[in-house]
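Visitor:
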Amino acid sequence: MARSESAISDDPLERAIWRLRSRGCWDDAAALLEDAAGADAEAAQRRAALLVEQCMFTAAGWERAEDAVRNAEALSTDGENRGVTACERGYLAYASTLFQERDRSDEARAALGRAAALLPPASAHRPMLDFRRGLVAQHLTGNATAAQAAFRRAHTGALERDDRLLVSFTWRHLAALAADEGDLAEARHGFAESLRLREELGYLVGTAPALMALADVEPEAEAARLRAEATRLVRLLDGVPSWLAEQLGEEPRRVPAARTEPEG
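Spelled out as structure tokens, the structure:
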């Protein structure tokens, strides 16, 4: 899975990948792993994760992501490797269901179920798996109760591992569920925490969605300011996320067929 700890790594390669990824330059980030990904299972998994994430933000690049996931699957040798790769397979099927209007929901659930069977309870990858299972429950099956339980497990696990980027995602989705239930104070708190973490990490590509989410639960004067800042960032990133660019009336980097706001 794409490493959020790269944001604080001392390794030059990790830092370079993070800088590119956080600015929406997934192709360039993946290129740094391309040579190693031909034979090394971990590099192949990381490259696949970057290209799958690109699909989520741009609704494009599907064939490259599919090829990268297949390559990672071919190189996976043990249960942990296979579990991580199955999680990416499930996430790609989830994104494809949302953006390509191809119903791959059964594939998404099956792949994430395989990942759950393969990854030990104490695996460092378990919080991300829980988060993605929450996304499927929230957006594909419409089960808010199951989604909330999965997001809470992911949130707890991410906090224990100090995975601040994942915490920003779990805050955002827990806040969205709170907003759906009419608890605007809790929603405002969660969205504000998500935004704070993304700004602290320099996760530029995810900051505009966080601004827009917070705007939806703020008074209009503050909401207008937040939306204006989100629009500025989307323009700066050349129309990414694509689904948000469309909402804001901006030209997306690649025109998606989005029907929802699944992540970001």
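In this note's numbering, the protein residues as written are -7 to 256.
We put the CB at the ideal spot given by N, CA and C, even for glycine.
For the region 30 to 40 and the region 212 to 226, state whether three or more C-beta atom pairs, one from each stretch, are separated by less than 8 Å.
Guide: Verdict: no, contact absent.
Visitor: For His117, which of helix, strand or coil comes out of DSSP?
Guide: Within the sequence shown, numbered from 1, the residue matching residue 117 stands at position 125. Reduced to three states, the DSSP call for His117 is coil.
Visitor: Can you tell me the Cα-Cα spacing of Leu42 and Ala114, whole angstroms?
Guide: Here residue 42 is taken as the residue at index 50 of the sequence shown, counted from 1. Here residue 114 is taken as the residue at index 122 of the sequence shown, counted from 1. The straight-line gap from Cα to Cα measures roughly 24 Å.
Visitor: Tell me the DSSP secondary structure of Ser14 in three-state form.
Guide: If you number the sequence shown from 1, residue 14 lands on position 22. Three-state result, Ser14: helix.
Visitor: Can you tell me the Cα-Cα spacing of Glu6 and Ala40, whole angstroms?
Guide: Against the sequence shown, residue 6 aligns to sequence position 14. Against the sequence shown, residue 40 aligns to sequence position 48. If you take the alpha carbons of Glu6 and Ala40, they lie about 15 Å apart.
Visitor: Where does Ser257 sit, in a helix, a strand or coil, going by DSSP?
Guide: As shown, the chain starts at -7 and ends at 256. That puts residue 257 outside it, with no answer to give.
Visitor: Over the uninterrupted alpha helix (DSSP H) stretch that includes Asp175, give me the two end residues.
Guide: For this step, residue 175 is matched to residue 183 along the sequence shown. No alpha helix (DSSP H) contains Asp175, which DSSP labels as neither H nor E.
Visitor: Counting contacts by CB-CB distance shorter than 7 Å, is Ala141 in contact with chain C?
Guide: In the structure shown, chain C does not exist; there is a single protein chain.
Visitor: For Arg74, which of helix, strand or coil comes out of DSSP?
Guide: Against the sequence shown, residue 74 aligns to sequence position 82. Of the three classes helix, strand and coil, the one that applies to Arg74 here is helix, per DSSP.
Visitor: To the nearest angstrom, how far is it from the Cα of Glu243 to the Cα of Arg101?
Guide: Working through the sequence shown from its first residue, we reach residue 243 at position 251. Working through the sequence shown from its first residue, we reach residue 101 at position 109. Rounded to whole angstroms, Glu243 to Arg101 spans 33 Å at the Cα level.
Visitor: If I measure Cβ to Cβ from His165 and keep anything under 6 Å in the same chain, skipping five residues before and after, which residues do I get?
Guide: In the sequence shown, residue 165 corresponds to position 173, counting from 1. Counting only Cβ-Cβ distances below 6 Å, and skipping sequence neighbours, we find Phe143.
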